[in-house]
Amino acid sequence: MKNLKFKLAAAALVLGIGSALATASNPFANKTWGRQSNGVYVDLTGHSPDEYNCTASSSVCTAIYPATQNPNTNPANPISIQQGAFSGL
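Under mature numbering (1 follows the signal peptide of the UniProt record, and there is no 0), residues -22 to -1, 1 to 67 are what the sequence shown spells out, in order.
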């Protein structure tokens, strides 16, 4: 009986840890950044596109970078960009 209780407790622990990891946000996901007119990028990750605007322009409005890259210190090699003039937030 003790062996069964131990196995059930271990299984509950494994399931609890597994579900916690499955629901945690991915720290390696990409981040979306908006480029303000002064050249400073603001993190848009988690914000709705309704909260900001890109108007017609040839400059960079939004850019997607790896989560570990901050475009304010290293703006090279974005994954993708959207052209326009950024406004909002």
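Note that the Cβ used here is the ideal one computed from N, Cα and C, for glycine as well.
{"Check": "C-alpha gap between S65 and C39, whole angstroms", "Outcome": "8 Å"}
{"Check": "Chain-order list of residues whose beta-carbon lies under 6 Å from that of A41 (same chain, five-residue window excluded)", "Outcome": "W11, P56 and I59"}
{"Check": "Spatial distance of N8 from P53 (CA atoms)", "Outcome": "14 Å"}
{"Check": "Limits of the unbroken beta strand (DSSP E) element including I42", "Outcome": "Y30 to P44"}
{"Check": "Helix, strand or coil at N8 according to DSSP, with G and I counted as helix", "Outcome": "strand"}
{"Check": "For T23 and G62, believed in contact at Cβ under 8 Å, the rounded distance", "Outcome": "Not a contact, Cβ separation roughly 19 Å."}
{"Check": "Endpoints, the beta strand (DSSP E) within which G17 is located", "Outcome": "Taken as a continuous stretch (DSSP letters only), G17 belongs to no beta strand (DSSP E), as it is neither H nor E."}
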